[in-house]
Each structure stands twice: as structure tokens, then as C-alpha cells.
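Chemist: Got a structure for you, questions after.
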Amino acid sequence: MNKALTDKTYWDDIFLKGRRVITYPDVEHNRFHIRLARLFARHIEKGSRVLEVGCGGSLWLPYIMKELHCSVSGIDYSEQGITKAEKHLRMQGEAYTLHRMDFLTPDPALFRSFDVVFSIGVIEHFENPSGIVEICKRLLKKNGLMITIIPNTAGMLFGLQRIADRDIYDKHKSIGHGDLLEYHRGNGLEILESSPIRFLDFSMINLHRMPHTPYRVLSWLAKVINLPFLWCERELEIYCAPESLSASLYVVARKVE
Numbered sequence: 030m031n032k033a034l035t036d037k038t039y040w041d042d043i044f045l046k047g048r049r050v051i052t053y054p055d056v057e058h059n060r061f062h063i064r065l066a067r068l069f070a071r072h073i074e075k076g077s078r079v080l081e082v083g084c085g086g087s088l089w090l091p092y093i094m095k096e097l098h099c100s101v102s103g104i105d106y107s108e109q110g111i112t113k114a115e116k117h118l119r120m121q122g123e124a125y126t127l128h129r130m131d132f133l134t135p136d137p138a139l140f141r142s143f144d145v146v147f148s149i150g151v152i153e154h155f156e157n158p159s160g161i162v163e164i165c166k167r168l169l170k171k172n173g174l175m176i177t178i179i180p181n182t183a184g185m186l187f188g189l190q191r192i193a194d195r196d197i198y199d200k201h202k203s204i205g206h207g208d209l210l211e212y213h214r215g216n217g218l219e220i221l222e223s224s225p226i227r228f229l230d231f232s233m234i235n236l237h238r239m240p241h242t243p244y245r246v247l248s249w250l251a252k253v254i255n256l257p258f259l260w261c262e263r264e265l266e267i268y269c270a271p272e273s274l275s276a277s278l279y280v281v282a283r284k285v286e
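Residue numbers for the sequence shown follow our numbering, so the first one is 30 and each next one is one higher.
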């Protein structure tokens with residue numbers, strides 16, 4: 030059973046009240062965005078059909094459509110999330126389709142339709158993440174790629190989320206790197222690449238419900254701490270990847286059946 034730890038009200042609140050104002054990835058100054066842009070460039074071929082599962086407010090569908098010249102689609106059940114994603118997409122082009130539906134019960138017409146299915150911060154919101162990976166697998170063509178990116182909810186940095194906002198913390202299942210790999214291997218997927226990323230990136234902590242002044246101060250501190258790591262990663266492609274102190278995890282896997 031794929032019991033969710035969140036509901037539509039939670040996501041609508043995120044999309045309506047979240048303080049993120051950018052509409053496109055910042056691949057010059059944001060460590061996470063730089064790393065994901067490089068990851069997608071390595072694995073997504075020009076002209077691919079690409080689906081984002083949990084696409085509410087997506088920054089990456091517009092990027093993949095424009096920079097990688099792909100036909101993109103997205104699934105999300107939040108009306109606010111779909112509206113925000115479409116706003117971002119319209120600014121960059123027209124090669125997109127959005128589906129407002131619960132991805133736990135996707136339209137069977139979408140099965141075996143996509144070269145790449147990716148999700149960012151989705152499977153950790155369910156009691157059974159392996160079941161979500163299995164649903165995503167159904168949407169892939171044979172030999173298609175699944176790219177799964179999640180916050181490192183078993184790491185030390187995410188423990189600070191418990192202090193910053195316990196309700197948000199409780200909406201996440203604890204998942205380590207080994208768990209993430211097993212969810213994909215257990216569904217018959219071939220692991221191509223995986224790693225912890227974003228060493229000591231405190232910007233992963235969700236502060237959007239915090240009062241304005243402490244929010245601004247803590248966000249500024251996170252940016253300052255990030256500066257030396259940003260330079261090493263952007264200019265030298267040198268990455269530190271100890272799992273316990275990394276903010277995120279990712280895996281790239283192939284459907285081989």
C-alpha cells in the first residue's frame with residue numbers, strides 16, 4: 030500500500046506560501062541546480078520524451094525542454110502546483126503537456142511512454158517508496174531511464190528540519206543511500222549512477238513558515254557557508270560526498286526488462 034505522508038492541502042500551502050521566486054534553475058550560483066543540470070545533461074538525450082512525477086511548480090521541465098530540446102510532460106495532483114508549473118513552462122516554450130492527476134493511479138495511456146522519468150523530492154513522502162518507484166517504472170519505455178533525487182532524510186543535516194519545522198520533518202520518511210538503491214534494484218532496475226550530493230548545504234532545510242527576519246538571516250548564512258563548496262564544484266568539479274553530511278541523494282537507473 031502506497032500510503033502518503035502528505036495531502037493536497039500540504040502541497041497547495043507549499044506552492045501558495047513558499048518563498049521561492051525563481052522560475053528557472055540558477056545554474057551559475059546554486060550548487061544543487063548546477064549538479065542537477067550536469068546530471069541531466071549526461072543522461073537525457075536530445076529529443077527524448079521526459080516525464081516529471083510530482084511536477085508542481087517545476088523549474089526543471091522548462092530547463093529540459095529548452096536546453097536539452099526535449100518534449101516534456103508532468104504529473105501532479107495539486108491544482109496550485111500545476112498552475113505554477115505551467116506558468117514557468119509558458120515562459121520557455123510550448124513542447125509540454127501537464128496532467129493533473131494522482132500519480133498513484135496514472136492514466137494507463139501513459140504506461141511505457143517515456144524515455145526518461147524523473148522525480149525530485151517525491152518518494153520520501155510515502156510509507157512505501159519502493160511502490161512509488163514501481164509506478165514510475167510502468168511509465169518508462171524499455172531501456173528508459175529513471176532519475177530519482179531526494180533529500181537525504183537519514184542524514185545529519187535533515188535532522189535540523191526537526192528543529193526548524195517539526196510538521197515538515199514528520200512528512201518525510203527516513204531514507205539512506207543504501208535504501209534508495211534497494212528501492213530501485215528491488216524493482217528490477219539496473220543502477221547506472223548514484224551518490225550523495227550537496228555536502229553541508231544547509232539551504233536544504235525548509236524554512237518557508239518561519240518569520241521573515243530569521244528566515245532572511247538563516248538563508249543568508251546558508252549561502253555564505255555554500256560559497257567555497259560552490260566554487261570547488263562549479264569551477265573544478267570537485268565534490269565531497271560523505272553521506273551523513275550531504276543534503277541530497279540521487280540514483281540513475283535503467284529499465285532492462
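Even glycine gets a Cβ: it sits at the ideal position worked out from N, Cα and C.
Give me the Cα-Cα distance between P180 and L278, rounded to the nearest whole angstrom.
Modeler: Between P180 and L278, the alpha-carbon positions lie close to 6 Å from each other.
Chemist: In three-state DSSP terms, what is S203?
Modeler: coil
Chemist: Anyone know if the C-beta pair for K113 and G86 falls short of 8 Å?
Modeler: A contact, by the Cβ cut-off of 8 Å.
Chemist: Is the beta carbon of C84 less than 8 Å from the beta carbon of I104?
Modeler: yes
Chemist: Contact check, N172 vs K284 under 8 Å by CB: the rounded distance?
Modeler: Contact annotation, N172 with K284: C-beta distance approximately 6 Å; criterion of less than 8 Å satisfied.
Chemist: Run the CB neighbour count on T126, radius 10 Å, all protein chains shown included, and call it buried at 16 or more, exposed below.
Modeler: exposed
Chemist: If you follow the beta strand (DSSP E) that T35 is in, where does it begin and where does it stop?
Modeler: Where T35 is concerned, there is no enclosing beta strand (DSSP E), given that its DSSP letter is neither H nor E.
Chemist: Going by other Cβ atoms of all chains shown within 10 Å of its Cβ, with 16 needed for buried, is W264 buried or exposed?
Modeler: Inspection of the sequence shows that residue 264 is occupied by Glu rather than by Trp. In this structure E264 is exposed. Its beta-carbon is surrounded by fewer than 16 other beta-carbon atoms within 10 angstroms.
Chemist: CB-CB under 6 Å to L139, same chain, minus the five flanking residues each way: which ones, in chain order?
Modeler: Taken in chain order, the residues that qualify are L168.
Chemist: From the DSSP output, which residues share a beta bridge with K284?
Modeler: L218
Chemist: Using a 10 Å radius around the Cβ and a threshold of 16 neighbouring Cβ atoms, would you call E286 buried or exposed?
Modeler: Looking at its Cβ environment, which holds fewer than 16 other Cβ atoms inside 10 Å, E286 is exposed.
Chemist: Taking C-beta to C-beta, are V281 and H72 nearer than 8 Å?
Modeler: yes
Chemist: Distance check for D41 and R49, CA to CA, integer angstroms please.
Modeler: 14 Å
Chemist: Note the first and the last residue of the continuous beta strand (DSSP E) segment covering M175.
Modeler: 169–180
Chemist: Would you kindly work out how many angstroms separate the C-alpha atoms of Q190 and F61, rounded to a whole number?
Modeler: Computed Cα separation, rounded: 18 Å.
Chemist: Ends of the alpha helix (DSSP H) at Y244?
Modeler: 241–260
Chemist: Would I178 pass as a contact of I149 if the rule is Cβ separation under 8 Å?
Modeler: yes
Chemist: Identify which residue in K200, S275, L209 has its Cα closest to the Cα of G160.
Modeler: L209
Chemist: From I176 to L250, what does the alpha carbon distance come to, in whole angstroms?
Modeler: If I take the Cα positions, the gap works out to 30 Å.
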